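Structure, as structure tokens:
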Amino acid sequence: MDSCATRAIILRQTKYSESSIILKAFTEHSGVQSYILRGVRKKNKKTGMAVLQPMTLVSLVPVASPKSELKHVREIHPVAPYSSIPFDVTKSSVLIFLNEILNQVLKEESADETLFTFLFHSLEFFDQYDGPVANFHLLFLLQLTKYLGIYPRNNYSATHQWFDVGQGEFTRSKADYTYADETGKHLSILLKSDFEVLGALRIPHAVRTSVNALLLSYYKYHIPGFRDLKSLEVIQMILTEDD
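Take any residue in the sequence shown, note its place counting from 1, add 328, and you have its number in the numbering used here.
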């Protein structure tokens, strides 16, 4: 039985045979789904492998198969093709980093259209934005926590400068899993910001690295099974300039 077309964000592709792959995607109407795409690795296949790269925004039509629990994809094509990310080393590196995170946190096989809309529009914005992008991933990770149900409380003040990873809020004193000084200050600033003020954010490289470490610790604490990222070292090398 054929399904209706749905927008999707490609998360991962895995080789299934010499000519086919299994595609994992976060779809608008069904959440995380895996599909078999047969023959796409053939040289004469119309569907180019570029369309199937992680974080590509696509529209696809899934088809149920009586012989497999996995659906097949009858057709797939890009929507809102990226115009800058494929040609920008910094943006491409950030996208790899975010893709690794999304592969860990997106697990539900049910619709979450609000989360999908956030991700879709965030990626569109990132591609179209022509200002400094060194802090984009920090804002993205913070905004994402809203949809994961773990958004931190921004109660930063002169008396509450230590951010407690476990409690998700600022506290009066230092304890295990806390961050303070410039890290806490800039985390509070980020919590009050959105993508529209991205270009106005000024965060020194050392502080950016510390805030990034804080956020990854926060994800690891609150999301079961969250693992260390293979792309972390790369993004730290790429985003070396101070704002």
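By construction, the Cβ of each residue, glycine as well, lies at the ideal position given by its N, Cα and C atoms.
Since the model is a prediction, treat every value here as computed from it, not as a measurement.
- Taking C-beta separations shorter than 7 Å and ignoring five residues to either side along the sequence, ASP556 has no partners in its chain.
- Under the DSSP assignment, ILE429 falls in the alpha helix (DSSP H) whose first and last residues are 417–433.
- Cβ contact annotation for THR384 (same chain, cutoff 7 Å, sequence separation greater than five): ILE338 and PRO406, in chain order.
- In this structure, DSSP gives GLY359 an extended state, which the three-state scheme calls strand.
- When ILE424, PHE523, GLN432 and LEU451 are compared, the shortest CA-CA separation from VAL562 is found for ILE424.
- The beta-carbon distance between VAL461 and SER545, rounded to whole angstroms, is 23 Å. This is too long to meet the 8 Å contact definition.
- In this structure PHE454 is buried. Its beta-carbon is surrounded by 16 or more other beta-carbon atoms within 10 angstroms.
- With fewer than 16 other Cβ atoms inside 10 Å of its own Cβ, VAL525 counts as exposed.
- Boundaries of the beta strand (DSSP E) around GLN341: 334–343.
- The C-beta separation of LEU434 from PHE354 comes to about 5 Å, placing the pair in contact by the 8 Å criterion.
- Rounded to whole angstroms, the Cβ separation of LEU398 and ILE364 is 5 Å, and the two are in contact under 8 Å.
- Per the C-alpha coordinates, the member of ALA534, ALA378, GLY367 and TYR410 positioned closest to ARG402 is GLY367.
- Residue environment analysis places GLY459 among the exposed positions, since fewer than 16 neighbouring C-beta atoms fall within 10 angstroms of its C-beta.
- The residue from ALA336, TYR475 and THR418 with its alpha-carbon nearest to that of VAL386 is ALA336.
- In this structure, the straight-line span from the alpha carbon of THR506 to that of THR499 is close to 9 Å.
- Each residue's CA atom was taken as its position, placing ILE349 and VAL391 some 15 Å apart.
- Proximity to TYR484 across LYS474, GLN564, SER516 and LYS502 peaks at SER516, based on C-alpha coordinates.
- Shown here, PRO414 sits in a helix according to DSSP, grouped into three states.
- Apart from sequence neighbours up to five positions away, the residues of its chain that approach ILE566 with a beta-carbon distance below 8 Å are VAL417, THR418, SER421 and VAL422, ordered along the chain.
- In the three-state reduction of the DSSP assignment, GLU441 falls in the helix class.
- DSSP places LYS399 in the uninterrupted beta strand (DSSP E) bounded by 399–406.
- For PHE491, there is no enclosing alpha helix (DSSP H); the residue is found in the beta strand (DSSP E) stretching over 490–492.
- Beta-bridge partners of ALA353 (DSSP): ILE338 and GLN361.
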